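Protein sequences appear in the order of chains A and B.
Reminder that position 58 of the first sequence reads as 58 in the numbering used here, one-by-one numbering, no gaps.
Reminder that position 11 of the second sequence reads as 11 in the numbering used here, one-by-one numbering, no gaps.
Beta carbons are placed, not taken as given, at the ideal position from N, Cα and C, and that holds for glycine.
Everything numeric in this text was worked out from a predicted model, so none of it was measured.
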Amino acid sequence: GAVVSQHPSRVICKSGTSVKIECRSLDFQATTMFWYRQFPKKSLMLMATSNEGSKATYEQGVEKDKFLINHASLTLSTLTVTSAHPEDSSFYICSAKQGPYEQYFGPGTRLTVT
Amino acid sequence: GENVEQHPSTLSVQEGDSAVIKCTYSDSASNYFPWYKQELGKRPQLIIDIRSNVGEKKDQRIAVTLNKTAKHFSLHITETQPEDSAVYFCAATSGGGSNYKLTFGKGTLLTVNP
Numbered sequence: 001g002a003v004v005s006q007h008p009s010r011v012i013c014k015s016g017t018s019v020k021i022e023c024r025s026l027d028f029q030a031t032t033m034f035w036y037r038q039f040p041k042k043s044l045m046l047m048a049t050s051n052e053g054s055k056a057t058y059e060q061g062v063e064k065d066k067f068l069i070n071h072a073s074l075t076l077s078t079l080t081v082t083s084a085h086p087e088d089s090s091f092y093i094c095s096a097k098q099g100p101y102e103q104y105f106g107p108g109t110r111l112t113v114t
Numbered sequence: 001g002e003n004v005e006q007h008p009s010t011l012s013v014q015e016g017d018s019a020v021i022k023c024t025y026s027d028s029a030s031n032y033f034p035w036y037k038q039e040l041g042k043r044p045q046l047i048i049d050i051r052s053n054v055g056e057k058k059d060q061r062i063a064v065t066l067n068k069t070a071k072h073f074s075l076h077i078t079e080t081q082p083e084d085s086a087v088y089f090c091a092a093t094s095g096g097g098s099n100y101k102l103t104f105g106k107g108t109l110l111t112v113n114p
């Protein structure tokens with residue numbers, strides 16, 4: 001299957017600071033990438049859809065000014081958590097769409113806000 | 001929007017037995033149904049998928065069946081092994097083009113006892 005990387009794998013930041021997470025498709029071009037959030041022992045919750053060269057589409061209830069998404073190239077999408085608070089602590093996973101259907105996931109980023 | 005229900009939430013089987021996980025979906029326009037396996041702290045991995053023009057698909061010990069009329073699909077794992085222990089998620093597509101996205105079930109924790 002296709003390979004998707006994500007960086008960093010873990011990050012600890014102080015409340016009020018911003019954190020950037022990168023998602024890369026390594027062996028294919030992805031016009032569409034997705035950002036999910038996963039709470040412990042829970043399912044994947046879609047936060048936003050990132051299309052290369054256009055604005056991201058956010059799911060209902062997700063603050064676009066807090067979770068900034070940029071998809072500047074066909075292999076890179078970034079998620080910036082701005083003014084992070086402890087309640088933003090979570091596991092963030094990106095995925096990239098290859099072809100019309102298949103989504104391949106990155107390894108995830110464990111964010112802890114202190 | 002799409003709603004995906006998954007059952008059971010937990011499943012425990014003896015090594016060598018079969019395991020079946022069932023999902024239902026609400027959007028009759030859904031046309032792609034992937035299954036993901038997620039080990040603790042790892043990324044979801046695509047293990048098998050099925051498109052709406054097919055009723056059944058098999059890959060070694062894993063098979064998926066789809067009933068579009070009833071809007072349900074199932075994952076079948078035969079000859080289970082301890083390494084099959086993980087959380088399994090079903091998903092269904094909704095939207096198309098730039099509105100395409102996957103909606104996930106809540107997951108099934110499968111435990112295969114040696």
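Asked                                                                                                                               : Found
Rounded separation between A/S18 and A/P86 - CA only                                                                                : 12 angstroms
Extent of the continuous beta strand (DSSP E) to which B/A63 belongs                                                                : I62 to N67
B/P82: CB within 7 angstroms of a non-hydrogen atom of the ligand SAH                                                               : This structure simply doesn't include the ligand SAH, nor any ligand for that matter.
Per-residue contacts from A/K105 into chain B (C-beta, under 7 angstroms)                                                           : According to the sequence displayed, residue 105 of chain A carries Phe and not Lys. Within chain B, the residues near A/F105 are R43 and P44.
Alpha-carbon spacing of A/L74 relative to B/V112, whole angstroms                                                                   : 40 angstroms
Length at least 3, wholly inside the region 55-112 of chain A: the beta strand (DSSP E) runs in chain order                         : 67-73, 76-81, 90-98 and 102-105
Members of the region 44-63 of chain A near chain B, C-beta cut-off 7 angstroms                                                     : L44, L46, T49 and N51
Short-range partners of chain B found in the region 71-100 of chain A, where Cβ spacing is below 9 angstroms                        : F91, I93, S95, K97 and P100
Candidates B/G107, B/A63, B/C90 and B/G95: closest to B/T80 by CA position                                                          : B/A63
Extent of the continuous beta strand (DSSP E) run through A/R37                                                                     : T32 to Q38
Simplified DSSP assignment, three categories, for B/N31                                                                             : coil
Chain-order list of residues whose beta-carbon lies under 6 angstroms from that of B/H76 (same chain, five-residue window excluded) : V20 and A63
Cut-off 7 angstroms between Cβ atoms - residues of its own chain near A/S89, not counting five sequence neighbours on either side   : L111, T112 and V113
Per-residue contacts from A/G108 into chain B (C-beta, under 7 angstroms)                                                           : R43
C-beta atoms of B/T108 and B/L46 nearer than 8 angstroms                                                                            : no
Every unbroken beta strand (DSSP E) inside the region 1-59 of chain B [3 residues or more]                                          : 4-7, 10-14, 19-25, 32-38, 45-51 and 56-59
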